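A.B. asks: The structure under discussion is supplied below as C-alpha cells; questions concerning it will follow.
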Amino acid sequence: MTSRVSRAELSAAERALRSRIAQIASNERFLRGTLSERSSKCGKPNCRCANGEGHASLYLVQNHGGTVRQLCIPKMLQDPVRQAVGEFQEMQRLLHEVSELEWKRFLARKG
Ligand SMILES: [Zn+2]
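For the sequence shown, the positions run 73 to 183 when the working numbering is used.
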C-alpha cells in the first residue's frame, strides 16, 4: 500500500474535509494554544482600576514541550489571534476526522 490516496477511493465527504484542510493551510493563520482572559490592576492609585474592575488582558497559553509559555496579546491583535486559534482547532478537528476515516479504511482492508 502506498501512502498516496487516489481521489477515486475517497468519499465526497472525505474529499470535502481534505479540501477544507488545504484551504486553511494555504490561506489562514493558525496558532495552537488556549486563550485566557485576565484582569489585573496596574497599581496607579488614581486609575479607574483601583476601585472597579481591573484592566482586561488576553493571553495565549501554550504547552511547549512540557513547559507552559504565554503571550500577552495586544488589543489590536486580539481579533486575528482569536481567529487563528479557532483555525488551529478546526484544522486539528479536521485532521482527526480524516485520520479516523483512514483507521476505518485500514480495518476494512485487513479482513
Ligand atoms: Zn489601572
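Each residue gets a CB set at the ideal place from its N, CA and C atoms; glycine is no exception. As the structure is a computational prediction, the values presented were derived from the model and not from experiment.
1. Secondary structure at Leu-132, three-state DSSP: helix, strand or coil?
2. Between which two residues does the alpha helix (DSSP H) containing Leu-89 stretch?
3. Tell me, please, whether the segment 100-114 touches the segment 158-166 by the rule of three or more beta-carbon pairs shorter than 8 Å.
4. Shorter than 7 Å, the distance from the beta carbon of Cys-144 to the closest heavy atom of ligand 1, or not?
5. I think Arg-104 touches Gln-134, with their Cβ atoms under 8 Å apart; what is that distance to the nearest whole Å?
6. For Ala-122, collect the residues of the same chain with a Cβ closer than 8 Å to its Cβ; drop the 5 residues on either side in sequence, then sort them by chain order.
7. Using only alpha-carbon positions, find the residue among Gln-150, Val-170, Leu-173, Gly-138 that is nearest to Leu-107.
C.D. replies: Walking through what the data contain:
1. strand
2. 84-99
3. yes
4. no
5. Confirmed, about 6 Å.
6. Lys-113, Lys-116
7. Residue Gln-150 is the option with its Cα nearest to Leu-107.
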